[in-house]
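Here's the structure we're looking at; comments come further down.
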DNA sequence: GGTAGACCTGGACGC
DNA sequence: GCGTCCAGGTCTACC
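Laid out in structure tokens, this is it:
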């Protein structure tokens, strides 16, 4: 039975008061592991995230709604995570950080049904062992939309490069360390010229998709709150996502997983290859076969697929 | 609804 | 070093 862990605010040590104005302990629904969330997919390799597996420290350059750019340092804690920042923040800024980190790491997600399934499936034993299940998200759905578009029709190295260029060229710098920057805001990207966006970041044809996305977010014709407030059923949410230029079936399914809807599969060429090897003796297959392979896990099939331990990943 | 071709970049490969 | 081919999803036009 899940027991809600009380939120604890630890007063900063006098020794660190100057450097660590924010020091929060945020509780997580067990089972939870920061390292498992951090490496749940490649997002930790995309700026403005960094992750050090040796110290299990996740960092993120965050641009708050007040316009301030700060560094969040997130480390494990028996109750959940500890969030520190060297900046002296207003109470509303601290509240925003609490909300953002809770969303980013899925600290409040109830995955108990998924863990019950995982305990019964040999190919999900790593989920049980590592207390995995949450998928790392960015602080805003806009950032996740852009990053997902950057994963399409390119290699992972290309995604890293395009995202880094975007952050370096259009993100606000961290005061005192202009090398490190926050993710660009919709306003900045909407205000940029498409050709400048294309040439400076090497986004190719994706530049027009991201520019158009930034514009509809900026002028509020695309309501991002609708994506995260839980009011839409999955089918409607999928249609809403598919209406965004640059978001196709794969990208929509990927975003649905990030949004906590686990009844869809992000089927890319890699998935077709792995499912073909696993269940179809290497014969060519299509998305229907991949869906059929995971059908028996019902509304959790997306998460089962995400954490499935393939026999041969190479 | 299904299909073919274009989109764009970087890496691999052959010369 | 240069040219060619290929991989990676989505969009658009066409049937």
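Numbering (the numbering used here), first residue to last: 1 to 314.
Beta carbons: idealized from backbone N, C-alpha and C, even for Gly.
Computed from a predicted structure; not experimentally measured.
Where residue i and residue j are concerned, what is the direct C-alpha to C-alpha distance, given to the nearest angstrom?
{"i": "residue 264", "j": "residue 308", "result": "15 Å"}
{"i": "residue 131", "j": "residue 32", "result": "5 Å"}
{"i": "residue 5", "j": "residue 87", "result": "Here residue 5 scores only 32 on pLDDT, less than 50, and its place in the model should not be relied on; the value that follows carries that caveat. Those two C-alpha atoms are separated by around 27 Å."}
{"i": "residue 197", "j": "residue 48", "result": "18 Å"}
{"i": "residue 54", "j": "residue 75", "result": "11 Å"}
{"i": "residue 124", "j": "residue 59", "result": "28 Å"}
{"i": "residue 208", "j": "residue 255", "result": "20 Å"}
{"i": "residue 27", "j": "residue 95", "result": "14 Å"}
{"i": "residue 175", "j": "residue 291", "result": "47 Å"}
{"i": "residue 165", "j": "residue 303", "result": "31 Å"}
{"i": "residue 72", "j": "residue 85", "result": "5 Å"}
{"i": "residue 99", "j": "residue 157", "result": "31 Å"}
{"i": "residue 146", "j": "residue 171", "result": "13 Å"}
{"i": "residue 103", "j": "residue 199", "result": "33 Å"}
{"i": "residue 220", "j": "residue 111", "result": "33 Å"}
{"i": "residue 139", "j": "residue 284", "result": "38 Å"}
{"i": "residue 187", "j": "residue 271", "result": "35 Å"}
{"i": "residue 235", "j": "residue 252", "result": "11 Å"}
{"i": "residue 296", "j": "residue 129", "result": "23 Å"}
{"i": "residue 107", "j": "residue 82", "result": "12 Å"}
{"i": "residue 231", "j": "residue 239", "result": "14 Å"}
{"i": "residue 51", "j": "residue 267", "result": "27 Å"}
{"i": "residue 195", "j": "residue 168", "result": "17 Å"}
{"i": "residue 237", "j": "residue 226", "result": "8 Å"}
Pick from the options: whose alpha carbon is nearest that of residue i?
{"i": "residue 248", "options": "151, 88, 30 and 191", "result": "151"}
{"i": "residue 298", "options": "262, 306, 280 and 290", "result": "262"}
{"i": "residue 311", "options": "233, 273 and 303", "result": "273"}
{"i": "residue 136", "options": "89, 65, 260 and 214", "result": "260"}
{"i": "residue 205", "options": "157, 235, 162 and 177", "result": "162"}
{"i": "residue 258", "options": "30, 178 and 43", "result": "43"}
{"i": "residue 155", "options": "284, 81, 283 and 269", "result": "269"}
{"i": "residue 37", "options": "127, 21, 62 and 70", "result": "127"}
{"i": "residue 89", "options": "24, 109 and 133", "result": "24"}
{"i": "residue 133", "options": "178, 105 and 51", "result": "105"}
{"i": "residue 22", "options": "77, 93 and 193", "result": "93"}
{"i": "residue 41", "options": "144, 80 and 201", "result": "144"}
Once the 5 residues before and after residue i are set aside, which same chain residues still bring their CB inside 7 Å of it?
{"i": "residue 289", "result": "275 and 280"}
{"i": "residue 300", "result": "113, 114, 117 and 262"}
{"i": "residue 228", "result": "141 and 259"}
{"i": "residue 65", "result": "96"}
{"i": "residue 294", "result": "265, 301, 304 and 305"}
{"i": "residue 217", "result": "142, 186 and 224"}
{"i": "residue 160", "result": "45 and 46"}
{"i": "residue 119", "result": "128"}
With which residues is residue i paired in a DSSP beta bridge?
{"i": "residue 69", "result": "63"}
{"i": "residue 23", "result": "84"}
{"i": "residue 174", "result": "177"}
{"i": "residue 97", "result": "Per DSSP, none; premise fails for residue 97."}
{"i": "residue 77", "result": "80"}
The beta strand (DSSP E) with residue i in it runs from where to where?
{"i": "residue 177", "result": "177-181"}
{"i": "residue 52", "result": "49-52"}
Along the chain, where does the alpha helix (DSSP H) that runs through residue i open and close?
{"i": "residue 115", "result": "112-119"}
{"i": "residue 35", "result": "34-38"}
{"i": "residue 307", "result": "301-307"}
{"i": "residue 211", "result": "206-218"}
{"i": "residue 257", "result": "249-258"}
{"i": "residue 55", "result": "It is not in any alpha helix (DSSP H) - residue 55 carries neither H nor E in the DSSP assignment."}
{"i": "residue 191", "result": "186-191"}
{"i": "residue 240", "result": "234-242"}
{"i": "residue 141", "result": "141-151"}
Please list, in chain order, all residues of the same chain as residue i whose beta carbon is under 6 Å from its beta carbon, the five residues on each side excluded.
{"i": "residue 245", "result": "209 and 212"}
{"i": "residue 173", "result": "181"}
{"i": "residue 35", "result": "56"}
{"i": "residue 30", "result": "none"}
{"i": "residue 222", "result": "216"}
{"i": "residue 190", "result": "214, 215 and 218"}
{"i": "residue 192", "result": "none"}
Cutting at 8 Å between CB atoms, please list the residues of its own chain near residue i, excluding the five before and the five after it.
{"i": "residue 69", "result": "61, 62, 63, 172, 173, 174, 175, 181 and 182"}
{"i": "residue 121", "result": "304"}
{"i": "residue 149", "result": "206, 209, 210, 213, 246, 247 and 251"}
{"i": "residue 242", "result": "248, 249 and 252"}
{"i": "residue 278", "result": "293, 310 and 311"}
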